[in-house]
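Everything below concerns the one structure shown next.
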Amino acid sequence: MRLVETTAIQSWDLPVSQFRAHLRLGTGFSEDDLQDAVLDSCLRAAILAIEGRTGKVLLQRGFKWSSDHWHTGHEQPLPVAPVMEITAVKLITRAGDEAVVDPSFYVLVPDTHRPLMRAAHAVLPRIPVSGRAEIGFEAGYSADWDGVPNDLSHAVLLLAAQFYESRITGEPGCDTSVVSHLIERYRTVRILGGASR
């Protein structure tokens, strides 16, 4: 199983001005934008850390998930949430030949923690022997930062501030209890060998 981002977070989508205010950096100077690359890097690292801990995608973007087998014959959990739409499903042979699955054969079942692709009829299409299935989908709370839940956006700013400070002090940044509390309700609890509840 493999999950790949097909579209990246753009710099203009990051809350650089909010982060600058959070850090209480000065404004109105000709060198204001000199720190932007560092702020951008800290925000990206914090977003990826929060997304990794919660399994939730903050800013909307495209993904491609591939596997050589379905979870069950009639449904496949998707690895992150929230999923907005399934854009394509492909069956790929060992030789690399691709067949696009007709969208009428599957449906998206939205869920806060574990969205599913479910067979619209009895079963999902059969994956070729030694081949794989690829599911393309769009996931994320919002296309812009204002649509990200407040507690998650605040957790990102706190964690990014830690990364920013550790760059100066040389001490490794660590997840604070405040950040952990802010993201706790978004975390996916895994039991029974990876099945989610």
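When the letters of the sequence shown are read in order and numbered with this note's numbering, they come out as residues 11 to 207.
Heads up, the beta-carbon is just placed ideally off N, CA and C, and yes, glycines get one too.
Could you tell me how far apart the beta carbons of residue i and residue j are, in whole angstroms, since I believe they sit closer than 8 Å?
{"i": "F147", "j": "F29", "result": "With a Cβ gap of about 29 Å, F147 and F29 do not count as contacting."}
{"i": "G229", "j": "Q70", "result": "Missing from the structure shown is residue 229; the chain here goes from 11 to 207 and no further."}
{"i": "L68", "j": "D50", "result": "Between D50 and L68 the Cβ distance is about 15 Å, and since that is not below 8 Å, they are no contact."}
{"i": "P120", "j": "V93", "result": "7 Å"}
Name the DSSP bridge partner or partners of residue i?
{"i": "G83", "result": "G83 pairs with nothing; no bridge assigned."}
{"i": "S27", "result": "Bridge partners of S27: none, in fact."}
{"i": "A277", "result": "A query on residue 277 cannot be resolved here, the shown segment of the chain reaching from 11 to 207 and no further."}
{"i": "M127", "result": "Q86, L118"}
{"i": "S76", "result": "R12, E144"}
{"i": "S152", "result": "L69"}
{"i": "A109", "result": "L101"}
{"i": "A91", "result": "K66"}
Let me know if residue i comes out buried or exposed under the rule of 16 or more other beta-carbons within 10 Å of its beta-carbon.
{"i": "V188", "result": "exposed"}
{"i": "V133", "result": "exposed"}
{"i": "V26", "result": "buried"}
{"i": "L58", "result": "exposed"}
{"i": "W22", "result": "exposed"}
{"i": "V158", "result": "buried"}
{"i": "T64", "result": "buried"}
For residue i, which residues of its own chain have a beta-carbon under 8 Å away from its beta-carbon, when the five flanking residues on both sides are left out?
{"i": "C52", "result": "F29, A170, A171, F173, Y174, R177"}
{"i": "R104", "result": "P138, V139, S140, G141"}
{"i": "L192", "result": "D161, L162, H164, A165, L168"}
{"i": "R208", "result": "Limits of the chain in this structure are 11 at one end and 207 at the other, which puts residue 208 out of reach."}
List the endpoints of the continuous alpha helix (DSSP H) containing residue i.
{"i": "I19", "result": "That residue, I19, is in no alpha helix (DSSP H); it is neither H nor E in DSSP."}
{"i": "V188", "result": "187 to 193"}
Beta-carbon within less than 7 Å of residue i's beta-carbon, same chain only, minus the 5 sequence neighbours each way: which residues are those?
{"i": "P135", "result": "L101, V111, F115"}
{"i": "S77", "result": "M11, R142, A143"}
For residue i, which residues from the same chain have a beta carbon less than 6 Å from its beta carbon, with the 5 sequence-adjacent residues on both sides left out?
{"i": "Q86", "result": "W80, M127"}
{"i": "L88", "result": "P125"}
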